[in-house]
Every structure is written in C-alpha cells, then in structure tokens.
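Read top to bottom, the protein sequences are chains A and B.
Going by the numbering used here, the first residue of the first sequence is number 1, and it counts up by one from there.
Going by the numbering used here, the first residue of the second sequence is number 1001, and it counts up by one from there.
Backbone N, C-alpha and C fix where the C-beta goes; we use that ideal spot for every residue, glycine too.
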Amino acid sequence: MRKQRRFSLLVLVVLVGVLLASALVSAETVTLTLGSWRVDDVEQVNRLLDAFHKSHPDIRIRFNPTNPPDYNAVLRTQLTGGTGPDLMYVRSFKVGQDLFAEGYLEPLTGLEGLEENFSVGSRAAWSLNDVPFAVPFMAVSHGIYYNVDLFKKHNLEIPQTWEELLQVAETLKAAGVIPFSNGSKDEWDMNEIVFMNLLPNFIGGREARLEYETGEVPFNDAKMVSAFKALQDIAPYLPPGQEGVSYYDAQQLFLLGRAAMFFGGSWDVAFFVSSEPDFEWSVFATPAPEGRPTVVTFHPDAGLGLNSASPHKEAGLKFLTWLTTVEAAQILADEIPGFYPLNQTSITLQDKHANDFYALHEGKDVDARFVWPELQSGDPDGYLLTQTAALAVVKGSMTPEEAADYLQEGLETWFTPTQKFKK
Amino acid sequence: MAQAKRRFRKDHWFFFTIPALVIYVWFMAFPLFNSMRMSFYQGTGLIPTQFVGLQNYVELFTNPLFRDRLLGALKNTCILFAICMGIQNTLGLLFANILAGRLKGRSVFRTIIFLPATMSVLVTGFLWKLILNPHWGAVNQILVRFGLKQFEGYPWLGKPETAMIMVGLVTAWQWVGIPTMIFLAGFQGISEDVLEAASIDGASALQIFWKVKLPLLTPVIGLVAVMTFVGNFNAFDIVFAMTNARGAPEYSTDIMGTLFYRIGIAGQHPVAQPNMGVGASIATVIFFILFLGVSMWMYFRERGSRVQ
Chain A
1 MRKQRRFSLL VLVVLVGVLL ASALVSAETV TLTLGSWRVD DVEQVNRLLD
51 AFHKSHPDIR IRFNPTNPPD YNAVLRTQLT GGTGPDLMYV RSFKVGQDLF
101 AEGYLEPLTG LEGLEENFSV GSRAAWSLND VPFAVPFMAV SHGIYYNVDL
151 FKKHNLEIPQ TWEELLQVAE TLKAAGVIPF SNGSKDEWDM NEIVFMNLLP
201 NFIGGREARL EYETGEVPFN DAKMVSAFKA LQDIAPYLPP GQEGVSYYDA
251 QQLFLLGRAA MFFGGSWDVA FFVSSEPDFE WSVFATPAPE GRPTVVTFHP
301 DAGLGLNSAS PHKEAGLKFL TWLTTVEAAQ ILADEIPGFY PLNQTSITLQ
351 DKHANDFYAL HEGKDVDARF VWPELQSGDP DGYLLTQTAA LAVVKGSMTP
401 EEAADYLQEG LETWFTPTQK FKK
Chain B
1001 MAQAKRRFRK DHWFFFTIPA LVIYVWFMAF PLFNSMRMSF YQGTGLIPTQ
1051 FVGLQNYVEL FTNPLFRDRL LGALKNTCIL FAICMGIQNT LGLLFANILA
1101 GRLKGRSVFR TIIFLPATMS VLVTGFLWKL ILNPHWGAVN QILVRFGLKQ
1151 FEGYPWLGKP ETAMIMVGLV TAWQWVGIPT MIFLAGFQGI SEDVLEAASI
1201 DGASALQIFW KVKLPLLTPV IGLVAVMTFV GNFNAFDIVF AMTNARGAPE
1251 YSTDIMGTLF YRIGIAGQHP VAQPNMGVGA SIATVIFFIL FLGVSMWMYF
1301 RERGSRVQ
C-alpha cells in the first residue's frame, strides 16, 4: 500500500515536471498554423518551412491544408468564428480582396523586401487600393505541350505565329494524328486553359485588359471577336467527340501519343514527368497571329497573408519577410515544379520541363487570366460568361461575333464601366 | 395511488419511444426546420445572420439566373424520374415475374440483377463514364463493329441531347435490383389459390399477369413509385460522378440535387462563394415537392384501402 502511494507520487512528480518543461519550451517558441488549399504539396511545403525553422529556431509553423474546393468557404467560416489560421494562402484578386476588405487580413504596407522583389503586376493581384495584403507566392504559366517525336516525324517546326500553328494542325490531321487533345466535357478547361491561354495573344497584355476594365473599349470589340474566332479555328483540330473528352482524357490522349499537342498549364508538368511517356515532349508559347507580339498568360495563383486577429503577428511578419527573399523563392522553385515563385530575381529550376515552361514567359509581356482581376464580383460573373461563350463557339452553336456580344451583354448587367456601350 | 400506477403502466409505452424520438428530433426534424429557417436569411460564412424574409424565394423564382436553372433542374429531374419509372421499374416488374416462376438457376439471375445495387454510385459512374468514352469506350467500339460508323467517337455524355438519358439509363441499370426484389416479394405474397383458380377458369399466363397479379400488386407498385420519386428528387451522386456538379453539358444533366449543391454548398468555380440562403430555399422547394408527392400517394392509398 505504502509502496503504491510512493509510486503514484513519483508519477505525479514526473508528470508535473514534463508539463513544466513543455510550458517552458513553448514559452520560447511560438507555433503558428498555415492554412492552404494545396493538399498535394504537404511534404514540399514542410521542407520549405524546415528551411525557415533553421534560421528562426524560435518560430514553428505548422502546415494545415484543406481540400481545395472547400478552402474558400472553410477559411471564411474559420475567420468569422475567430479560429482562422495565423498565416494563410490567399487567392489572387477578388477572393483575397474581399477578405481584406472585411478586415480579416493584416495590411502589409512597408513589409521589408516586398516592393523590392516583386513587380507591380504581381503585387496588384494581392492589393486593394494599393495596400498589399499578401506576399506573392506562386504563379502558374500557360502554353502548349507538344510531342517532339511526332513533330520530328512529320517534319514540323515550333510554330511562331497563330497561322503557322493552324498549318501544323492541318498537317497533323492529314497524317491521321489528333492535333490538339483538349475537349470540353469538363467545361472549365476549355475556358481556363484554352481560351484564356490564347486570349492575350489576340487582345494584348495587361494594358489591353485595363482598357476593357475601365470602359475604354467594349467587350465585343474586334479584338475580342478575333479571340473567339481563334477558338473556331482550332475546333476542327480537336479530338473527334471532343464534347465527351474530359481534362483527364485530354492528358491521356497526349500521353498515349495519339494527340500531338495539348493546351495546358505549368501545373501539368509534375504529372507528365511522373507518367513517363515513351516519347520526348516539351512546351512552346501559344503563338500570336502574324504581326502581334506573343503574350503569355502567367497567372498569379497563391499569395501568403497574415490573419489580422492572430496573437503571433510579429512572428508571422518575420516569416512573410523571409518569404520575399531569393532563398525562399529558390527552395519553392526546387520543391514544387510547375508552380513558380513570383520573385523578380531570376532563378534556375532543377526540373528541365518546369524550367522550359518557365522560360516561355521570360522577356515577353504577361498577364493574369483575363476575367480574374475585375470581372468576378457580379452575377453573371465573367468566368461563367466566357465559359458559356467559348463552349458554344467550339461547338458551333455561336459565331465569334455572337459570343463576344454575349459576353458584353452579360457584363453590362452589373459591370458599370462597360454599361455606356449598352444598346 | 394504485390507479395512478395502473395509468402509468397503461401509458408507459411512450417512454420506450423516447430514445428514438430524441435521435429523430435531433438529427432529422431539427436540421430540417433549421434549414427552412435558413432560407429566410442571407449572409456570408456558414451561418447566414441577416434576416431577409422571403427575399431568397423572390430571387429564386424571379431572377432569371436562378429561375432558368431551377426550371431546367426540375425538367431534368422529371426526365430522370420518367426513365426510372419507365425502364427501371418496368424491367423490375418483368424480372420479378420471371423470377417468381419456375425458372432454372433463379438464384443466379437474382444475384446478377441485384449485384449493381451493391456497388458505390461513384464506382458505377466512373465505370460507365469509361464505357461511354468517345475514344476508348466499349459502347462506341461495339456499335462501330456492327457497322454503325456514325457512332465513331460519339460523345454520349457530351451532347445535351443524350447526356441526361445516359445518366438516367445508368441509374436504372444500377438500381433495377431494388424494385425487382420488392416486386418479387409482392408476387410471392399472392396466394397460390387465386392463381390456381384463374388457370382453372382458363385464363392464359398473360391474362393472369394483367388481370390477377397486377391488380393485386397495385399497393407495391405505388410504394416503388414513391421510393423512386423520393430517390430521384434527392439524387446528386450519379450526376456528380458521371458529368459534374454543373450538370454539363449546358446544364442538360443539372438536377435538383446538383443545383442545390452548386448554389448552397460549393459555389461556382472559381470564386466558389456559396449562397447559403438561396441554397436553403432550393432545399425547401425540394422538400415541398417531395411532401406533395408522398402526401398524394398516402391519400390514394388510404382511399384505395377504404374502398376495399
């Protein structure tokens, strides 16, 4: 009996000791959570965080991602309820701006390294009225993947203009190869990675987009019509039964060597590399029509913001400052091929394909996906309008002119700058 | 005192229902009424807080953005219901009639017919998506093999004209086992005497089916119809698995379930900001449609049994 009591006393002492010790340790290091929608990159981001922990032993950051489609809603609920993560991935433009406007994100004016290391264009994606609210983190690029072996076999060269691209497609089709593998079963891909991929080549980059957004030109001007015309151009070169070809099918048609080209994004790189197709493949920039400069859709995707209600703001700001450094950008680039750091300092990527894709936009004008910056805050939103129009043009149920009119008329219902063109 | 005790004994059956009642109220009735309450609110986040009265319903029925989708979803759900009634339940009746007879290897057929119903909808959806694929799908390859060249690369799920029919047929294929089993039980419940009497009177097998079995089976048919009706108006998974939550292509497979999911839970890609209030009002509309359908069935059943 006595022995037992002594034993329990010992256990108690040990327990209290452990508790005290852990309390002391946690007083020294602060732990922050990092919310994200990138469930696929847990290991990679943890390695990035480890590098930060090495130089900042007093701060621990725990990566805690949510299922991508639920992220916006979950994050908002957490923030409203006061249980939001200290640091979080912030979507570019509208979604992020809404959170900032409601006061959930800390303004980052004057954050060390932010202005020096990031361009106006990439900072704008996470700013509202010139106040930055997140550090630009990752971007994705768009282009056309091609089967190098098939191009060699049919004596084809990388097309430099849109007209050449169509000739290449014609040659391939005549030889019994599917020119482009993309389809419209999943709907979003025809809009997001075909139409918005080629769009800036026909209307121009950021400057041109601003003309539409400020109401200088209507959304159904000749340039927009020519972009929809481009979709009509490629429609005959899509796989037979393209209405039933999903995004995944399109990737497979390309990987099986049955289609020679695939309109895609840099995020496909990792998947294509791991699929190890038995032919050589590479990417080229979606070419502009004769006489126009090639513009690449280089889309700012994720920023990193700080919760304005976080108890560890100081530690959070330290992390965000570290993120603006070249060191962080280099680690990110090495760890997550296909998602590019937005740091202005030129970096080299270890993955050859990711590097090839990255090189496409260097020295060229770039812009975000057309509807993201301004056209998503009303109903019907620009994304849905371009999607419906693009699908209809590819299918042949709308002419390019009708598609552009449809976009203009839809936006007229709520987008004030363009309402003066109302008929 | 003794009297009170007796009364307690007489009424104490009530206490046995309490556990079930608590579970039912907490997990079924309360969420149902809470969802109806939510349809009078607006706001962002998971719990809309701003009371707007009937505004969500006004939006739903007058704003063309919502109204067109609601009418489209209603139409498509009715198509789904028609296919399930016309094909799934008719086949179920036919199979049950065959299985109730003296067929060799009955249990083998019974297993085969019921097997799809045991599979996950996501699995069936995925399998049929592959089978109907324009490039590597079996359906088109078989059709082309039989000389129907026009079906080479035909996108069954990509054309608005055929997509909903395909989804309906897959649903029918998967669930045909359920009505078969219910009808089979119904057929087995018909007394041998009646059938024997009919055949002695000189009725043919067809006449027995139409004039004897079918009328006796009416209550079961009603039950199956109501089950199909409820199932179709709550369906979501098969469309989600085979096309997508937007009811691609061109909203031709958009049913009540996907419409509710898109507006109330997931939001539209890529902003993905759900509108809980309007979503809840759609859920309430679905509830009233189901309520109306089931009430009608119960009314006719009551009347039918009274006549008998």
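Ends of the beta strand (DSSP E) at residue i?
| i | result |
| --- | --- |
| P136 of chain A | 135-147 |
| R60 of chain A | 59-65 |
| S36 of chain A | 30-36 |
| T297 of chain A | 295-306 |
| I178 of chain A | 178-180 |
| R47 of chain A | First-last for R47 of chain A: 42-55, but that is the alpha helix (DSSP H), not the beta strand (DSSP E). |
| G1101 of chain B | That residue, G1101 of chain B, is in no beta strand (DSSP E); it is neither H nor E in DSSP. |
| D98 of chain A | Careful: D98 of chain A lies outside any beta strand (DSSP E), inside the alpha helix (DSSP H) at 94-101. |
Can you tell me where the alpha helix (DSSP H) with residue i in it begins and where it stops?
| i | result |
| --- | --- |
| Y247 of chain A | 247-255 |
| H1269 of chain B | Note, H1269 of chain B: premise wrong, no alpha helix (DSSP H); not H, not E. |
| V1144 of chain B | 1138-1145 |
| T109 of chain A | That residue, T109 of chain A, is in no alpha helix (DSSP H); it is neither H nor E in DSSP. |
| P1219 of chain B | 1214-1233 |
| G382 of chain A | 382-395 |
| Y1024 of chain B | 1013-1024 |
| L1074 of chain B | 1064-1083 |
What residues in its chain sit with their C-beta under 6 Å from that of residue i, if we drop five residues either side in the sequence?
| i | result |
| --- | --- |
| S1035 of chain B | A1280, A1283 |
| P1179 of chain B | N1089, G1092, V1224 |
| D442 of chain A | Since the displayed chain A opens at 1 and closes at 423, residue 442 of chain A lies outside it and no answer follows. |
| N191 of chain A | T386, Q387, A390 |
| N1056 of chain B | S1039, G1277, V1278, S1281 |
Any idea if residue i is buried or exposed, counting beta-carbon neighbours within 10 angstroms, 16 or more meaning buried?
| i | result |
| --- | --- |
| C1078 of chain B | exposed |
| Q1188 of chain B | exposed |
| L1032 of chain B | exposed |
| G338 of chain A | buried |
| M1028 of chain B | exposed |
| S266 of chain A | buried |
| Y1024 of chain B | exposed |
| R1246 of chain B | buried |
| R123 of chain A | buried |
| E374 of chain A | buried |
| G396 of chain A | exposed |
So, for residue i: in the same chain, excluding its five sequence neighbours on each side, which residues have a beta-carbon less than 7 Å away from its beta-carbon?
| i | result |
| --- | --- |
| A1198 of chain B | I1208, V1212 |
| M1242 of chain B | G1125, W1128, K1129, L1157, V1167, V1170 |
| S226 of chain A | F202 |
| V131 of chain A | P107, T109 |
| K223 of chain A | F202, I203 |
| L172 of chain A | H154, P179, A260 |
For a cutoff of 8 Å on Cβ pairs, would you count residue i as touching chain A?
| i | result |
| --- | --- |
| Y1041 of chain B | no |
| W1175 of chain B | no |
| Q1050 of chain B | no |
| G1267 of chain B | yes |
| S1207 of chain B | Residue identity check: residue 1207 of chain B is Gln in the sequence provided, not Ser. So no, Q1207 of chain B is outside the interface. |
| K1211 of chain B | no |
| L1065 of chain B | yes |
| Y1057 of chain B | no |
| P1031 of chain B | no |
| L1157 of chain B | yes |
Given residue i, which residues of its chain have a CB within under 8 Å of its CB, disregarding the five upstream and five downstream residues?
| i | result |
| --- | --- |
| G316 of chain A | L32, D86, L87, E106, L306, N307, S310 |
| V273 of chain A | P337, D351, H353 |
| E28 of chain A | D58 |
Between residue i and chain B, is there a C-beta pair that is closer than 8 Å?
| i | result |
| --- | --- |
| V480 of chain A | Summary: the structure shown does not reach residue 480 of chain A, with chain A confined to residues 1 through 423, and so no result is reported for it. |
| E213 of chain A | no |
| V131 of chain A | no |
| L231 of chain A | no |
| D425 of chain A | Given a span of 1 to 423 for chain A in the structure shown, any question on residue 425 of chain A remains unanswerable. |
| P239 of chain A | yes |
| D186 of chain A | yes |
| E43 of chain A | no |
| A73 of chain A | yes |
Quick check: is any heavy atom of the ligand NAD less than 7 Å from the C-beta of residue i?
| i | result |
| --- | --- |
| L407 of chain A | The model on display carries no ligand, and the ligand NAD is accordingly not part of it. |
Segment contact, 8 Å Cβ cut-off, at least three pairs: the segment 371-386 of chain A with the segment 410-418 of chain A: yes
Cβ pair count under 8 Å reaching 3, the segment 1225-1241 of chain B against the segment 1254-1261 of chain B: yes
Positions along the segment 373-386 of chain A whose CB lies within less than 7 Å of some CB in chain E: Here chain E cannot be found, since the structure's protein chains are A and B.
Sufficient close CB pairs (3 or more, under 8 Å) joining the segment 1125-1142 of chain B to the segment 1215-1230 of chain B: no
Given 8 Å, three or more beta-carbon pairs between the segment 69-85 of chain A and the segment 47-57 of chain A: no
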